[in-house]
Each structure stands twice: as C-alpha cells, then as structure tokens.
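A short worksheet on the structure shown next.
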Amino acid sequence: PRVATWFEEFAREHGAFEPVLVDLADFNLPVFDEPKHPRMQEYVHDHTKEWASSVAAGDAYVLVTPEYNFFPPSSLINALTFLSREWAYKPAGILSYGGISGGLRATQQLRLMLTTLKVMPIPEGVPIPLVSQLLDEQKGLVPTQPVTDGAKLMLDELAKWASALAPMRKA
C-alpha cells in the first residue's frame, strides 16, 4: 500500500489521469468462484460485479506488484482471472518492487498474462529494487530520482496508449 499510495499521488500530480487507487483487499475476492467463464459476463456474485464495475471504469491501469518466488502474488493473478472483457483494449503499466531485481521477473510473467486478456502492457515500467531501503520512518516511500523519472515516462506513454486504444474500446 505504501508504494501504491505514493504512485497514486505522483500520477495525480502528473496530470494526464484522474487516478483511482484500487486495493484488491477491498474486494475480498475468493479464489475464482463464478460458474461461467468471465467472457460471458454473467456474474452471479456481488464481489465479482463490484470488481467488474471497478475495472470497466478504467481506461488505463498501473498494476503495482511485489515479486514472490519470481512471480506476481496469487491475489493479483486471481483478480485478473475474474474478468475478461472489462480489461480488453486498455493499456497497463507495471510498477514492481522487491529485492535486488525490483520485481522484474514478476513483471515479465504478468506481461504475458495481460496479453491474454487483450491488455497492452506498455514497454515502460518502473522497477523499485530494495524497496525496504526507500521507506521512511512513517513507512512512506521516498523514491529515488530514477524511480520518479521512470514513473513520469511510464505515465506519459500510458496516456498515449490509452488515447490510441480508445476507438477499439468503443467498437
């Protein structure tokens, strides 16, 4: 949450988006439990309907993820799996964090899954290596200059992709 909170504030100051911070914990999604495939959009559970509404409202995403065992956390994989059409033809940037790799291995796995959902994972991303060293006494993220430069570049590119893909979302 500390990394996501910092990024939400950074994105708001950037100005290209009206960011909405979404925490998967707020949706309390169980392991995928819908009786029909997500592409049908015939959801029976309220948690899925709320999640679908949240995802459908976005034109672009920045997924903030740690890395566990060279992979994104199972909660993120599960949340992506719950939906299909709501993700389609939207771009996504990835802000990853972790140990020395900064979550880059998890990012590579996540990019592959996103393409299956028809999400365009943009090339620009923000890895934050050794994130624990960047947390201050109040547990807020104190980013390095390369992190803020990378975040700006990612948002600039995300805005271009969101605009370019808009006609596909309306079709």
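Residue numbers (this note's numbering): 2 to 172. Every residue, glycine too, gets a C-beta built ideally from N, C-alpha and C.
Can you tell me whether residue i is buried or exposed, with buried defined as 16 or more other CB within 10 angstroms of its CB?
i, result
"Ser75", "exposed"
"Val143", "exposed"
"Leu131", "exposed"
Output the distance between the C-alpha atoms of residue i and residue j, rounded to the nearest integer angstrom.
i, j, result
"Tyr98", "Arg40", "31 Å"
"Val120", "Asp60", "11 Å"
"Arg86", "Gln42", "8 Å"
"Val45", "Val56", "17 Å"
Which same chain residues end up closer than 7 Å to residue i when comparing Cβ atoms and leaving out the 5 residues on each side of it in sequence?
i, result
"Leu81", "Met114 and Leu118"
"Glu68", "Ser97, Gly99, Ser102, Gly104, Arg106 and Ala107"
State the DSSP-derived secondary structure class of residue i, mapped to helix, strand or coil.
i, result
"Leu111", "helix"
"Phe8", "helix"
"Thr145", "coil"
"Leu84", "coil"
"Ala165", "helix"
"Ile123", "coil"
"Lys37", "coil"
Give every residue of the same chain whose Cβ lies closer than 8 Å to the Cβ of residue i, excluding the five residues on either side of it in the sequence, and list them in chain order.
i, result
"Thr145", "Leu135"
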